[in-house]
Structure formats: C-alpha cells, structure tokens
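The next block holds one structure in the form of structure tokens; read it before the comments.
There are 2 protein chains.
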Amino acid sequence: MYINDKVVEEMTNALKIASDATRIKILSCLLDELDSTKEQSEHLIEKCVNDIALQIGASQSLVSHQLKVLKDGDFIKSRKEGTKIYYSLKDAHVREIISITYEHVLEKFESHD
Amino acid sequence: MYINDKVVEEMTNALKIASDATRIKILSCLLDELDSTKEQSEHLIEKCVNDIALQIGASQSLVSHQLKVLKDGDFIKSRKEGTKIYYSLKDAHVREIISITYEHVLEKFESHD
DNA sequence: ATATTATATGAACAGTTATTCATATTTGCA
DNA sequence: TGCAAATATGAATAACTGTTCATATAATAT
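Chains X and F, in that order, are what the protein sequence lines are.
Read in order, the letters of the first sequence correspond to residues 1 to 113 in the numbering used here.
Read in order, the letters of the second sequence correspond to residues 1001 to 1113 in the numbering used here.
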C-alpha cells in the first residue's frame, strides 16, 4: 500500500502529538472509559485547565502548553465560559487511537511476563 | 479514567515508535490495505530488508535500525530464511493504529481545506 | 578458503522537544 | 478603576532521537 509523502507527514505529526506522557494523561482524563469491551459513552467530558493540571499532577503552564499542541493537532476542542476554558476530546478517532494503544500495551504485558 | 504511570509510559513508548515517517512508511508497506471500508485481508505480507529499503527509498542501514525499533516495540515480527530475514506486521492493533491515524488525517484535510 | 549477498551495529552529529520560570493577557467582580 | 482568578506565552535549557557513515557479522555458493 503506497501513501504519498504529504499523508505520511500528517500521520507522523498526528502520532507525535499522541506520543507524550503528559498529553496521554490529558487525553486519558478527558476519556470516559478505556475498556473497549464496554460501550463507549456518548457523554462529552469537559474539563478546564486547572482541573486537568490537578488531576494529572502537572503544572498549569505545562498543561496549557500541551493543550495548545493537542488543539492544533485537532485532538481536542475548547469552549469558553467566563474566565474558564473547557476542553474535551474532538472526535472518535482520538478515542480509538488511545483505546487501541491501551489494548496493545496490555497484550504486550501478557505475552512478555 | 485513571491509568497508572507504568501503563502511560508503555502507551507513550508504543506511540513514539509509531510516530516517525520512516517507520510509518515501513509499516505502510507491510500493510495490505489502509482503506477500512474494505475488508482487512488476512494475508500476511512479508518483506526483506532490502525490498523495504527500495520501496520506501531509504538506506539499508536506516531501515535496519528502524526495523529493530519496530520489533523491540512488538509492532513487527521476523522470520529467517537463508541470508534473508522476512519482516511482517505483528498483530491487528498495529493495523488499526495506522488505519485510524490515516482516517484521522483524511478527516482533518476535509475539515480544514 | 574466498567472495558475495543480506543484515546488523556503534559512534557521532544535527535537529527537535518537553519542561520550567517568569510574565502577559483576559474575564469577572467589588 | 483596581483586584483576583484562569489561562496563555516566550525564552532558555536539558534531554532525546533520527540519520549517516563506516564497519561487523552471518549465511551461501563457487
């Protein structure tokens, strides 16, 4: 299967965005359920910057920087309400990439230990 | 959804492995079909180092280095036959990660242009 | 044994990036 | 207007990583 350079580049960018511990933590805390055997909830989880920072144990500045990366990469969207900005996952692909990677890791654990 | 640090670390590692242009090209050329609307073929595609290098237009050394990374990360497996070593995708998760990322990119193109 | 083919490896360099710190911007409210 | 809360930004640094080049290993055939 041949894919052109532009598509490879965009795929690389998308996966680079997902391949960072801080960003995975952010995405995970915006993701309701990782277990794919359970039904994906349609409920949209929204969290503001400070809540995310507290939940994942990172600084406000770091979370803000990484939220920008995730947003530029179309992984999340935002909604303004007063001084707060609520972030949430953008679409199903993001959920799937995280879920499948999660399963891949679990399977690796099983087969190697 | 809370996942522990060890799992986050492994997920990060797995996605780091996938987030490189050379490695995506290698995986793509070991992947029969990217279009998820078509049925995933069960046919295993096997290619040796030099064939891959020629197909993606990279040096033998670079491909060998990256095949090692992909194999250590459980993305591919290998089979020896004489002097040649045949590589192929390891499991369905790898196909899915690549396919979904591909779709994510296509959708991004559509929504932004 | 020697040559050839196929693949792997190690060191080195260049480019990239995650994090921190300090500061700026924006909004709501008294 | 001035203050506080929430978020964003820019610069600097430290750590990481993809690629190249040269060389090594392994297997096969003559």
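In this text, a Cβ means the ideal position worked out from N, Cα and C, and glycines have one as well.
Using a Cβ-Cβ distance cut-off of 8 Å, determine whether F:Ser1028 contacts chain X.
Against the second sequence, residue 1028 of chain F aligns to sequence position 28. With 8 Å as the cut-off, F:Ser1028 counts as an interface residue toward chain X.
Here's a check: name, in chain order, each residue in its chain whose Cβ is nearer than 6 Å to the Cβ of F:Gln1055, leaving out the five neighbours to either side.
By 1-based counting over the second sequence, the position of residue 1055 of chain F is 55. These residues qualify, in order along the chain: Cys1029.
Using a beta-carbon distance below 8 Å, is X:Asp114 in contact with chain F?
Nothing in the structure corresponds to residue 114 of chain X, since chain X is present only between 1 and 113.
Give me the chain X residues within the contact set of F:Glu1096, using Cβ-Cβ distance strictly less than 8 Å, ordered along the chain.
Here residue 1096 of chain F corresponds to residue number 96 of the second sequence, with the count starting at 1. Per Cβ cutoff of 8 Å: Glu96, Ile100.
When DSSP labels each residue in this structure, what does F:Leu1070 get in the three-state scheme?
Position 70 of the second sequence, counted from the start, is the residue given in the question as residue 1070 of chain F. Helix.
To the nearest angstrom, how far is it from the Cα of X:Glu49 to the Cα of X:Gly73?
Here residue 49 of chain X refers to the residue found at position 49 when the first sequence is read from its first residue. Here residue 73 of chain X refers to the residue found at position 73 when the first sequence is read from its first residue. It is Val, not Glu, that sits at residue 49 of chain X in the sequence shown. Each residue's Cα considered, the two are about 18 Å apart.
Residues of chain F with CB under 7 Å from X:Ala14, in chain order?
Within the first sequence, residue 14 of chain X is the residue found at index 14, counting from 1. Simply Thr1101, His1104, Val1105.
So, does the CB of X:Asp72 fall closer than 8 Å to a CB anywhere in chain F?
The residue given as residue 72 of chain X occupies position 72 in the first sequence. Closer than 8 Å: no.
Given a threshold of 16 other Cβ atoms within 10 Å of its Cβ, counted over all protein chains shown, does F:Gln1060 qualify as buried or as exposed?
On the second sequence, position 60 is the one that residue 1060 of chain F refers to. Label assigned to F:Gln1060: exposed.
List the residues of chain X whose Cβ lies closer than 8 Å to the Cβ of F:Val1063, in chain order.
Walking along the second sequence from the start, residue 1063 of chain F turns up at place 63. None at all; the shortest Cβ gap to chain X is about 15 Å.
Compile a chain-ordered list of the residues in the region 76–92 of chain X whose CB is closer than 7 Å to at least one CB of chain F.
none
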